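Each residue of the sequence shown is one higher than the last, beginning at 10 in the numbering used here.
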Amino acid sequence: MLADCDAGNVVAAAQSGAQWGIRLLPLLLVLAVPLYMVQALCVRLGVVSGRGYGALVRERLGRGWAAIAAAALFVAVMSSLVTEFTGIAGIGEMYGVSRAASLSLAGAFLLAVVSTGSHKRVDRVAMFIGLFELAFFIVAWHARPDWPMLARQLGDVPIRHPQFVYLAAALIGAAFNPWMIFYQQAAIADERRSLSDYRSARVETAVGAVLTQALTGAVLVAAAATLSRHGASSGLRSVGEIASAFFGVAGEEAGRLIFSVGVLGASLVAAIVCSLALAWGLSEVSGHRGSLESRPARAPWFYGVYAAAVLASACLVWLEPDLVSVNVAAQVVNALLLPFVVGPLIVLGIVALPAAHRLRGAYRWVVCAAAAAVCAAGVVGAVTGWLG
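Here it is in structure tokens:
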């Protein structure tokens with residue numbers, strides 16, 4: 010779940026804090042609840058059925074829905090990979106490293122990590138890198154927010170402002186990456202977790218959902234306390250611009266290092282996870298074999314999709330000048346894609362499991378209502394922002 014707090018979350022949160030203070034913080038924190046519900050349903054489906062999301066959609070809902078889900082997955086993953094590489098390229102540029110060099114090194118690292126043929130090894134590497142994201146808590150702490158002043162902003166929420174709802178959609182899309190649904194369920198199935206693991210997996214999911222939103226909230230609060238104070242209310246244009254406003258928080262060198270470590274950790278973990286989500290998802294939908302326990306020679310389709318996604322997105326970022334705008338737009342695209350992935354997920358939770366494990370009773374309606382509200386808010390915010 011740490012992969013959910015990626016470069017997209019960081020940039021969207023920083024942009025939100027810079028332009029609107031903490032006005033979007035309540036939304037960001039509340040999203041932890043439906044985020045847990047959706048991810049817990051992925052865990053339930055993976056544990057009970059032993060199948061990944063793509064395979065289960067193809068088997069129970071038909072090839073048409075499988076194709077729609079695969080298309081949504083492809084767009085979401087490529088959008089997210091672009092955001093991860095924008096984070097990596099932006100950090101490189103802060104230190105005078107060319108995009109070609111930083112993107113090449115990152116791409117080589119991502120290809121090397123998954124070529125080991127071990128799910129546990131990949132998990133350990135991703136978890137170690139993900140720990141660097143905790144640096145965002147340090148940034149928020151040293152920002153020393155003026156809470157009384159920030160709290161007054163909550164009484165002035167411009168719900169009708171197109172840019173405000175557009176950034177709300179971006180935060181929703183950043184939290185609910187469609188590829189995370191594919192990854193969560195496929196990883197559970199690939200690890201062959203049983204019903205005895207269900208409770209511990211749910212606890213891990215709950216901790217991950219809260220930690221993800223707390224980390225993103227830390228970035229937003231730090232941005233509200235520092236970036237808006239530095240006159241960034243009109244918006245940010247580069248990752249370096251975000252970092253430079255944090256320099257006063259912990260000193261230029263320390264601030265640069267803390268921010269760089271956090272963004273690199275977030276970007277690399279999410280790049281690994283979303284690339285694997287695409288490889289698993291397309292393998293499941295197409296009927297090809299795909300597993301991290303297989304060497305590349307035994308699963309060429311799986312590893313080929315992973316490598317192609319990494320290389321293509323790195324090339325796109327190398328050519329794109331405005332990294333922040335691309336990053337925020339990618340999160341909004343995620344919000345638009347949510348109904349095409351979350352909808353089938355809930356249907357599977359109702360019809361694809363044995364009676365004892367299905368979504369039922371009041372909890373089923375709570376999950377449906379929460380998912381519908383999130384999807385509607387994301388779509389309305391995206392459309393309003395673009396039309397406005």
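Note that beta-carbon positions come from the ideal geometry of N, C-alpha and C, so glycine has one too.
In this text the structure is predicted, and so the values were computed from the model without any measurement.
Residue i - DSSP class collapsed to helix/strand/coil
i, result
"V236", "Looking at the sequence shown, residue 236 is not Val but Leu. Reduced to three states, the DSSP call for L236 is coil."
"Q24", "helix"
"N18", "helix"
"G105", "coil"
"R161", "helix"
"R60", "coil"
"H170", "coil"
"D206", "helix"
"F94", "helix"
"A361", "coil"
"S88", "helix"
"L220", "helix"
"P154", "coil"
"R201", "coil"
"G394", "helix"
"F185", "coil"
"S269", "helix"
"S124", "coil"
"G116", "helix"
"G99", "helix"
"G226", "helix"
"G274", "helix"
"G71", "coil"
"L82", "helix"
Beta-carbon contacts of residue i that lie in its chain and below 6 angstroms, excluding the five residues immediately before and after
i, result
"E293", "G61, G63, A64"
"A241", "Below a pLDDT of 50, predicted positions are generally treated as unreliable, and A241, at 46, falls in that range; the measurement from the model is reported next regardless. Contacts found: A27."
"Q193", "Q48, C51"
"A196", "none"
"P154", "V230, A234"
"V55", "Val is not the amino acid found at residue 55; the sequence shown has Gly there. The residues are Q194, I197, A198."
"F185", "L347"
"V342", "S88"
"T393", "P171, V174"
"A381", "none"
"A115", "I97"
"S284", "Y315, A318, V319"
"V66", "W74, A75, A78, P353"
Nearest-angstrom beta carbon gap, residue j and residue i [assumed within contact, 8 angstroms]
i, j, result
"C384", "L354", "The Cβ separation is near 11 angstroms, so there is no contact."
"Q24", "V335", "With a Cβ gap of about 12 angstroms, Q24 and V335 do not count as contacting."
"A183", "A21", "5 angstroms"
"M103", "S276", "Incorrect: roughly 13 angstroms between the Cβ atoms, too far for contact."
"G96", "A16", "3 angstroms"
"A177", "G358", "That pair is no contact at about 26 angstroms."
Residues near residue i in its chain [Cβ-Cβ closer than 8 angstroms; skip 5 each side]
i, result
"H366", "R53, V57"
"A316", "L120"
"L159", "G30, I31, V230, A233, A234"
"A76", "V294"
"A379", "V42, P43, M46"
"A144", "I267, F268, V270, G271, G274"
"A110", "G101"
"L82", "G63, P187, W188, F191, A286, L287, G290, L291, V350"
Chain-order list of residues whose beta-carbon lies under 7 angstroms from that of residue i (same chain, five-residue window excluded)
i, result
"R32", "Q162, L163, V166"
"A2", "The chain is shown only over 10 to 397; residue 2 falls outside these bounds and no answer can be derived."
"L36", "A177, L180"
"R69", "L357, V360, A361"
"V84", "V342, L346"
- Task: Scan the region 27-54 and note each continuous alpha helix (DSSP H) run of 4 residues or more that stays entirely inside, going in chain order.
- Result: 34-39
- Let me know the alpha helix (DSSP H) ranges lying completely inside the region 285-348, each 4 residues or longer, listed in chain order. 309-328
- Item | 3-residue-minimum beta strand (DSSP E) runs that sit fully inside the region 365-391, ordered along the chain | none
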